[in-house]
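*Asks:* Following this message is one structure expressed as structure tokens.
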Amino acid sequence: MSFLKFDRTLSKRILTLAYPVTIAMLTQTAINLVDTIMVGRLPAEYSIAGQGAIMISLILLWAVGGLISSMGVGTQAVSARRFGEGKAEEAGAVLNNAAFVAGIVSLIATVAVLLTLPYFFPYLHPSDAVVRFGVEYSTYRLLGVFSMVLTIVYKGFFDGIGETKVHMKAAIAMNVVNVVLNYCLIFGIGPFPQLYVAGAGIASLIATFIGLAIMLFYSSKKTMRSRFGLYKRGTLDRSVSWGVVKVGIPGGLATVFLMAGFAMFTVIVGWLDEDTVNAAIHALPAYASMNVQMFALDSSAVWTPEVHRLVVDANPPVLTAATKLIMDIMMACAMTCMAFGQ
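With my numbering as the guide, the letters of the sequence shown map in order to residues 1 to 342.
Written out as structure tokens, the structure reads:
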């Protein structure tokens with residue numbers, strides 16, 4: 001039963017490396033939780049549809065950003081390998097190559113998704129309010145794919161060389177900035193305009209660039225540059241870049257398939273919310289006298305503001321919003337385990 005032997009020294013080393021990663025990932029997850037909580041404090045016409053919009057937007061964000069961010073896994077694995085071999089400059093070359101490739105790919109992906117976002121978002125939910133808020137929120141969050149991906153790549157490098165506290169500090173700073181800006185931009189505090197759901201997206205966008213700036217600050221220190229050869233010319237190498245991509249891409253594809261599953265589940269929940277609206281239409285006293293020809297001739301005579309209030313406004317996408325809350329609780333638990341595993 002030798003496999004049951006407990007090694008205190010090794011366990012202590014694992015815990016020392018793990019607790020900053022755990023704190024960092026939970027703190028970063030809190031950014032999305034804060035968006036949900038603060039949007040939930042808005043009036044019902046914004047909060048319910050807004051929470052659903054945030055959920056769908058985050059699925060898109062992680063489908064796109066998660067695939068490219070898989071380079072962070074490759075960066076961590078390969079840089080840790082080189083660092084363990086005592087080849088500090090080769091470990092630094094891994095970051096140089098990974099950051100260069102990830103930056104270019106993330107910019108291309110961002111442009112491609114933003115150009116198509118208004119066209120495919122309506123397929124993810126039937127509610128006009130969810131789509132409207134979702135396109136706004138998604139636009140700002142997707143503009144942060146570049147900063148998100150590079151932050152994760154830098155995290156992979158620092159975790160690979162055992163400096164796990166660097167990302168923890170960046171994540172805490174990001175969360176503080178996000179909380180303050182969320183409060184100001186969602187509710188319109190002081191000189192800030194009230195931007196509702198879009199304000200949450202802008203706050204999170206700014207917070208991700210703050211996190212990236214902190215990672216760049218630590219990597220630009222003279223001791224880091226001299227020891228690891230960071231930002232040194234002539235270190236770009238296709239074989240190194242491919243080595244990082246090859247290690248990380250399976251995890252990235254797994255993230256895409258996972259997000260696809262969440263997206264399909266969200267679509268089904270959206271159908272249930274739509275059924276609620278349809279049931280409300282059928283319950284209208286005037287429903288029996290409605291016909292397709294009358295609606296085609298003058299839809300405004302049928303779809304009056306009063307009918308809209310009784311049907312749509314009275315039946316917001318509650319099931320979608322509830323699903324978002326359940327997923328947030330699940331992610332908070334899952335991130336703790338994932339962080340310790342890293």
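Backbone N, C-alpha and C fix where the C-beta goes; we use that ideal spot for every residue, glycine too.
With burial defined as no fewer than 16 other Cβ atoms inside 10 Å of the residue's Cβ, what is the status of Leu-61: buried or exposed?
*Replies:* buried
*Asks:* If I follow the unbroken alpha helix (DSSP H) through Tyr-154, where does it start and stop?
*Replies:* 145–160
*Asks:* Once the 5 residues before and after Tyr-140 are set aside, which same chain residues still bring their CB inside 6 Å of it?
*Replies:* Counting only Cβ-Cβ distances below 6 Å, and skipping sequence neighbours, we find Gly-201, Ile-202 and Leu-205.
*Asks:* Report buried or exposed for Ala-334, applying the criterion of at least 16 other Cβ atoms within 10 angstroms of its Cβ.
*Replies:* exposed
*Asks:* In terms of alpha-carbon separation, which member of Ala-283, Val-269, Ala-314 and Val-307 lies closest to Thr-323?
*Replies:* Val-269
*Asks:* Out of Leu-142, Ala-88, Ala-198 and Thr-223, which has the shortest C-alpha to C-alpha gap to Ile-161?
*Replies:* Ala-88
*Asks:* Quick one: Cα of Glu-90 to Cα of Gly-252, how far?
*Replies:* Their Cα atoms are separated by approximately 24 Å.
*Asks:* If you check the beta carbons only, do Met-259 and Ile-54 fall under 8 Å apart?
*Replies:* no
*Asks:* Among the residues of its own chain, which have a CB less than 7 Å from the CB of Gly-92, if the five just before and after it don't count?
*Replies:* Cβ-Cβ distances below 7 Å link Gly-92 to Phe-228, Gly-229 and Leu-230 in the same chain, with the five nearest sequence neighbours on each side left out; the list follows chain order.
*Asks:* I need the DSSP call for Gln-194, collapsed to helix, strand or coil.
*Replies:* Looking at Gln-194 - three-state DSSP - the assignment turns out to be coil, as it is neither helix nor strand.
*Asks:* I'd like to know whether the C-beta atoms of Thr-36 and Asp-328 end up nearer to each other than 8 Å.
*Replies:* yes
*Asks:* Does the distance from the CB of Leu-236 to the CB of Leu-272 come in under 8 Å?
*Replies:* Contact flag unset, no.
*Asks:* For Asp-159, I'd like the list of residues in its chain whose CB is within less than 6 Å of its CB, leaving aside the five on either flank, ordered along the chain.
*Replies:* Closer than 6 Å at the Cβ level, and outside the excluded window around Asp-159, lie Gln-76.
*Asks:* Would you mind reading off the limits of the alpha helix (DSSP H) that contains Asp-275?
*Replies:* 238–282
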